[in-house]
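Heads up: the structure comes next, in structure tokens.
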Amino acid sequence: MVTDEKQKFTTVGEYLEAATYDVEPRLTEMREIIRTALPNAEETISYNIPAYKQDGVVVIQFAGFTHHTSLSFFPTAATFAHFTEELAAYRTSKSAIQFPLDEPLPAELVGAIARFRGDEAAAYAARKKSGH
Numbered sequence: 000m001v002t003d004e005k006q007k008f009t010t011v012g013e014y015l016e017a018a019t020y021d022v023e024p025r026l027t028e029m030r031e032i033i034r035t036a037l038p039n040a041e042e043t044i045s046y047n048i049p050a051y052k053q054d055g056v057v058v059i060q061f062a063g064f065t066h067h068t069s070l071s072f073f074p075t076a077a078t079f080a081h082f083t084e085e086l087a088a089y090r091t092s093k094s095a096i097q098f099p100l101d102e103p104l105p106a107e108l109v110g111a112i113a114r115f116r117g118d119e120a121a122a123y124a125a126r127k128k129s130g131h
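Okay, structure coming up:
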């Protein structure tokens, strides 16, 4: 892992400061992309990793590891279905996408996924508010 697993973070800044020198620049880049894509999202820590909350929903999270950085979100088949072609080159799980550290970060893709998840959160909040 990029950090001491026992360390508990309260801010994204603390998380980034604890990251190893090889991962920190990538995490900072991911942070800026997500902040730009989701300007109204609240930056927080969830499950001890950076998270962005919008309309009461955790929209997206990111984390750093020894050989990759990870973009994660609560399981949503729609996100993976929407970005099937773009994600074909990356390792994925039910809720995460891994970006190898030895390859450039696909900034446009990260931003597009963050915006897509923000739109999903807004739609969910609207449905919840209307009772549907």
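Just so you know, we're using numbering that gives the first Met the number 0 here: the sequence shown kicks off at 0 and counts up by one.
Ideal Cβ positions, reconstructed from N, Cα and C, are used throughout, including at glycine.
Everything numeric in this text was worked out from a predicted model, so none of it was measured.
Beta-bridge partners assigned by DSSP to Y51: E42 and I59. In the DSSP assignment, L70 falls within the beta strand (DSSP E) that extends over H67 to S71.
Counting the other CB atoms within 10 Å of its CB gives S71 a total of 16 or more, which places it among the buried residues. Here R126 is exposed. Its C-beta has fewer than 16 other C-beta atoms within 10 Å. Around the beta carbon of G63, 16 or more other beta carbons lie within 10 angstroms, which makes this residue buried. Exclusion of the five residues before and after I48 leaves Q60 and A62 as the residues of its chain whose Cβ lies within less than 6 Å of its Cβ. Looking at the DSSP output, T91 shares a beta bridge with I96. Between the alpha carbons of L37 and M29 lies a distance of about 12 Å. Within the model, the alpha-carbon separation for D118 versus T68 is close to 23 Å.
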